[in-house]
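Trainee: Residue numbers (this note's numbering): 3 to 157.
We put the beta carbon where it would ideally sit given N, CA and C, even for glycine.
My questions all concern the structure below.
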């Protein structure tokens, strides 16, 4: 089979309605290598980069309650810094770059589950929304101008 390892996927495919931070960024411990007196942190087997994790809530209104909160692991040399919180929101909106998904069967449930990984965490981009609004406004203005011109020509 041609697919080996994590499958690249876009943020918008994983979280089409966005997601929000609900926890702090933590470095993942390697429980197999750690001892009672020495903590060893996990490194990604493919890249060798340290692994960090953060809990997020999926903003999809149709997501089941048990699937709302997910963990995203971030592979990077330095601890990722969450974007600043936005005034008036209880949670901080966030997006991830360089995402991948790895399907697996949960040992305790026997059900298909997914491990989400990313290369970076950042504040959501707003340019697409403002571009869409600008395009919509421009279309409305052009329509209004065409209507006004038609009315003037009819008179």
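Throw me the rounded Cβ distance for the residue 11 and residue 71 pair, which I believe falls under 8 Å.
Mentor: That belief does not hold up - the Cβ atoms of residue 11 and residue 71 are roughly 19 Å apart, past 8 Å.
Trainee: Under the assumption that residue 17 contacts residue 60 (Cβ atoms under 8 Å), give the Cβ distance between them as a whole number of angstroms.
Mentor: 6 Å
Trainee: Going by other Cβ atoms of all chains shown within 10 Å of its Cβ, with 16 needed for buried, is residue 151 buried or exposed?
Mentor: Confidence at residue 151 is low in this model, with a pLDDT of 37, below 50, so the placement of that residue is unreliable and no value is reported for it.
Trainee: Does the segment 118-130 come close enough to the segment 81-98 to have 3 or more Cβ pairs within less than 8 Å?
Mentor: yes
Trainee: Going along the chain, which unbroken runs of the beta strand (DSSP E) with 3 or more residues stay wholly within the segment 67-91?
Mentor: 71-77
Trainee: Applying the criterion that 16 or more other CB atoms from any shown protein chain within 10 Å of the CB defines a buried residue, is residue 4 buried or exposed?
Mentor: exposed
Trainee: When the Cα of residue 79 is compared with those of 44, 6, 20, which residue comes out closest?
Mentor: For the residues 44, 6, 20, the minimum Cα distance to residue 79 belongs to 44.
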